[in-house]
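Reviewing the structure listed below.
As structure tokens, then:
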């Protein structure tokens with residue numbers, strides 16, 4: 377039996393405070409000094425370059441936002457119940473590059489958005505053949521079409537009419553409304 381309050385397991389030895397070993401990998405250990413909650417250590421571990429999971433999850437979320445679905449389709453579940461990545465090498469490479477370049481989100485967006493995969497057309501000359509061979513477009517042979525959000529439509533219209541103010545902050549744009 378394990379005594380949770382007394383931090384004693386069945387052998388009578390104190391249980392060391394820490395994080396679940398399954399979350400850290402087999403070789404990693406995070407020490408929590410006595411008298412501390414462990415929040416700082418947890419935050420340091422989450423943002424550590426030695427923890428590939430954080431970067432992989434974040435990169436997958438950015439990919440999902442830009443492509444309409446992630447490299448790992450189950451964006452909210454990277455665990456055993458989640459789906460496997462369609463392109464694991466790409467996910468690992470993007471995550472490593474993200475960490476090596478200082479976790480720069482703008483650079484990550486630029487890297488993905490200037491890629492050939494992102495700049496592809498949603499139409500392919502052999503669409504019928506592709507839909508038969510790769511019905512879920514896992515090979516990214518064409519850009520998956522997606523619906524625009526209301527904010528994207530509004531900003532696009534404001535840009536076209538010359539009423540979009542690209543400056544941060546300030547008063548919101550209030551276009552003239554034709555009552556007809």
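Numbering (the numbering used here), first residue to last: 377 to 556.
Backbone N, C-alpha and C define an ideal beta-carbon position, used for all residues, glycine too.
Quick one: grab the DSSP three-state call for residue 417. helix
Count the other CB atoms within 10 Å of the CB of residue 471; is the residue buried (16 or more) or exposed (fewer)? buried
Excluding sequence positions up to five away, which residues of its chain have a Cβ less than 8 Å from the Cβ of residue 494? 442, 443, 488, 519
Between residue 428 and the rest of its own chain, which residues show a CB-CB distance below 7 Å, the 5 nearest in sequence each way excluded? 471
For residue 420 and residue 426, the rounded distance between their alpha carbons: 10 Å
Residue 524 beta carbon less than 9 Å from that of residue 513: no
What do you reckon, are the CB atoms on residue 547 and residue 540 nearer than 9 Å? Residue 540 sits away from residue 547, with the two beta carbons spaced by 9 Å or more.
With a 10 Å radius around its C-beta and 16 neighbouring C-beta atoms as the bar for buried, classify residue 411 as buried or exposed. exposed
Tell me, to the nearest whole angstrom, how far the beta carbon of residue 484 is from that of residue 448; I am working on the premise that it is less than 8 Å. Between residue 448 and residue 484 the Cβ distance is about 16 Å, and since that is not below 8 Å, they are no contact.
Taking only three categories from DSSP, how would you classify residue 431? helix
In whole angstroms, what separates the C-alpha of residue 499 from that of residue 450? 26 Å
Residue 439 in three-state terms, based on DSSP: helix
For the alpha helix (DSSP H) containing residue 503, name the first residue and the last one. 503 to 509
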